[in-house]
Amino acid sequence: MDLSQPHIAIRERTLLEIFDLTLHVYRDHWKNILSMLVINALPLAIANAVVCHVLHRGGGDLPTELFLGLLLIANQAQIGTLLITQYLGTALFSGKPTVGETVRDFLRTSKSWIWNHGFIRMAVPIFCLVAAFHTSSLALVITLLLLALMIRAFRPFISEILILEKPPRKSPKDSSVRAITLKRRASDLHRGGVVAGFFMSCILGGFLLVTLTSLFFHVDTALGLNGAWDSPIHYIYWPLAAWLVASFLAVFRFLYYINTRITQEGWEIRLKLMAERQKLLAEDEY
1 MDLSQPHIAI
11 RERTLLEIFD
21 LTLHVYRDHW
31 KNILSMLVIN
41 ALPLAIANAV
51 VCHVLHRGGG
61 DLPTELFLGL
71 LLIANQAQIG
81 TLLITQYLGT
91 ALFSGKPTVG
101 ETVRDFLRTS
111 KSWIWNHGFI
121 RMAVPIFCLV
131 AAFHTSSLAL
141 VITLLLLALM
151 IRAFRPFISE
161 ILILEKPPRK
171 SPKDSSVRAI
181 TLKRRASDLH
191 RGGVVAGFFM
201 SCILGGFLLV
211 TLTSLFFHVD
221 TALGLNGAWD
231 SPIHYIYWPL
241 AAWLVASFLA
251 VFRFLYYINT
261 RITQEGWEIR
271 LKLMAERQKL
281 LAEDEY
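Next comes the structure, spelled out in structure tokens:
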């Protein structure tokens, strides 16, 4: 890993510049990003389809089931894009790692994300609620989702901290070693305008969702597939667009995380010092 040659220029950016950079990064890495999305999110997408449209067949109207499925995707967006975060963290300094390398690196990381995303951010409780009560649980699902989104708004970078920084959940028993735990790291990093960035990404995500879905229907019409707005294929286009938007926002969140570290911790200067140290160590070996 060559710290002196990052594949993304390490400098402070505004929110609009981060969104612009997100487009460039997604364009350059779209094949691998979509591969990670398929591996990570496809099991969730199948499970959502089963609980929304199969498990309680005839138990609710299709538009409500579709809305419920989109709520599930909104709740699962971070847990469904963890591999993308792993990939981008490696790609920042190491070019384009393969899918296999990314999956292996992810499997070696701590499984703390299961607790943080599955339970604290309520991905598992909300999914179980929909599986048990289907559309009759809609009001409660919306309430829990709003609570989960508030948690994510104030702690948006948990995925990046867990996967890229790997802090311990608890301090070691040896009191002489002062470790930076996950709780302390999250508290230190999530200061300033991180909430504003989260809500900006939500607004942009909503516009992208409608735009992408409309594009799918325009392509459908041009190809003569007859996927009208009231046809069953309608319930494929919306979830597909939602997961694509989730992958885009995962790239934005990663870049926003990098920018936050630069503004709050002077990571740009620290990285240059680490690169010089790496260069000096390499020269000593020769």
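Take the sequence shown: its position 51, counted from the start at 1, is 51 in this note's numbering, and no numbers get skipped. Just so it is clear, CB atoms sit at the ideal spot from N, CA and C, and this is done for glycine as well.
Task: Pair within 8 Å by beta-carbon distance, residue 217 and residue 235 - done: Taking the first residue of the sequence shown as 1, we reach residue 217 at position 217. Taking the first residue of the sequence shown as 1, we reach residue 235 at position 235. Taking 8 Å as the Cβ cut-off, residue 217 and residue 235 do not qualify as a contacting pair.
Open item on the list: What does the Cβ neighbour count give for residue 160, buried or exposed, with the cut at 16 atoms within 10 Å?
Closed with: In the sequence shown, the residue the question calls residue 160 occupies position 160. With 16 or more other Cβ atoms within 10 Å, it is buried.
Task: residue 147 classed as buried or exposed, judged by whether at least 16 other C-beta atoms fall within 10 angstroms - done: Position 147 of the sequence shown, counting from 1, holds the residue named residue 147. Flag for residue 147 reads exposed.
Open item on the list: Quick check on this structure: which residue in 169, 84, 189 has the alpha carbon closest to the alpha carbon of residue 304?
Closed with: Residue 304 lies beyond the stretch modelled for the chain, which goes from 1 to 286, so this question has no answer here.
- [ ] If I'm right that residue 153 touches residue 198 with Cβ under 8 Å, what's the distance once you round it to whole angstroms?
- [x] Locating residue 153 in the sequence shown gives position 153, counting from the first residue. Locating residue 198 in the sequence shown gives position 198, counting from the first residue. A Cβ-Cβ separation of about 4 Å places residue 153 in contact with residue 198 under the 8 Å criterion.
Open item on the list: To test your reading of the DSSP string, which unbroken alpha helix (DSSP H) runs of 4 or more residues are found completely within the segment 200-234?
Closed with: When DSSP assignments are scanned along the segment 200-234, no uninterrupted stretch of alpha helix (DSSP H) that is 4 or more residues long falls wholly within it.
Open item on the list: Could you tell me the alpha carbon to alpha carbon distance between residue 169 and residue 192, rounded to whole angstroms?
Closed with: Walking along the sequence shown from the start, residue 169 turns up at place 169. Walking along the sequence shown from the start, residue 192 turns up at place 192. Straight across, the Cα-Cα distance linking residue 169 with residue 192 is about 24 Å.
Task: Sequence-distant residues of its chain with Cβ nearer than 6 Å to residue 149 (five each side left out) - done: Here residue 149 refers to the residue found at position 149 when the sequence shown is read from its first residue. Result list for residue 149: empty, nothing under 6 Å.
TODO: Determine contact between the segment 19-28 and the segment 100-113, defined as no fewer than three beta-carbon pairs at a distance below 8 Å.
DONE: The segment 19-28 is not in contact with the segment 100-113.
Open item on the list: Going by DSSP, what residue range makes up the alpha helix (DSSP H) through residue 61?
Closed with: The count along the sequence shown starts at 1 and reaches residue 61 at position 61. For residue 61, no alpha helix (DSSP H) segment is defined, and its DSSP state is neither H nor E.
Open item on the list: Taking the straight line between their C-alpha atoms, what separation do you get for residue 139 and residue 71?
Closed with: As a first step, residue 139 must be located in the sequence shown, where it is residue number 139. As a first step, residue 71 must be located in the sequence shown, where it is residue number 71. Distance between the alpha carbons of residue 139 and residue 71: 11 Å.
Task: Whole-Å CB distance - residue 248 paired with residue 22, under 8 Å assumed - done: Looking up residue 248 in the sequence shown gives position 248. Looking up residue 22 in the sequence shown gives position 22. Indeed, because the Cβ distance is near 7 Å, the residues count as touching under 8 Å.
Open item on the list: What residue range does the alpha helix (DSSP H) around residue 179 cover?
Closed with: Residue numbering aside, residue 179 sits at position 179 when the sequence shown is read from its first letter. Note, residue 179: premise wrong, no alpha helix (DSSP H); not H, not E.
- [ ] Find the nearest neighbour of residue 104 within the set 263, 117, 116, 90, judged by alpha-carbon distance.
- [x] Start at 1 with the first residue of the sequence shown, and residue 104 comes out as number 104. Considering only alpha carbons, the answer is 90.
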